[in-house]
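Novice: Count the sequence shown with mature numbering (1 follows the signal peptide of the UniProt record, and there is no 0) and you get residues -15 to -1, 1 to 84, in order. Built from N, CA and C at the ideal position, the CB exists for glycine as well.
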Amino acid sequence: MKLTVFALTIATATAFTTPLATGRTSTAIFAEDAKINNMIDLDSPKVVNTDTLEAGEKKVYCRCWKSGTFPLCDAAHVEHNKACGDNVGPLIVDAAKAE
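So this is what it looks like as structure tokens:
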């Protein structure tokens, strides 16, 4: 019985540490290489930005976490999309003009 339990333990450990099709090997739930944000406010538990728009104003916000002008978009997603075939784009916010 002990041999069977030991064999199952090894099989279970192997299943969770074997590289998948993505080539990643990790047993951590929040693996460092799986993070999306790797440069903006890393010491903060959650990155939150607020902004107020004036009537008729338009802003373009980053959603790829690669912008050098974060939270505003600088089109860094274009290079990212070309490199990996992704389709990430910015969030565009328009404030309605006052009537």
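1) Is the separation between the beta-carbon of Ala40 and that of Ser52 shorter than 7 Å?
2) Lys44 lies in the beta strand (DSSP E); which residues open and close that run?
3) Measuring only the C-alpha atoms, how far is Ala70 from Cys49?
4) Quick one: grab the DSSP three-state call for Val63.
5) Output needed for Pro56: all residues of its chain with C-beta closer than 7 Å, excluding positions within five of it in sequence on either side, in chain order.
Specialist: With the given structure in hand:
1) no
2) Per DSSP, Lys44 belongs to the beta strand (DSSP E) from 43 to 46.
3) According to the sequence as given, residue 70 is Gly; it is not Ala. Rounded to whole angstroms, Gly70 to Cys49 spans 13 Å at the Cα level.
4) helix
5) Asn34, Tyr46, Cys47
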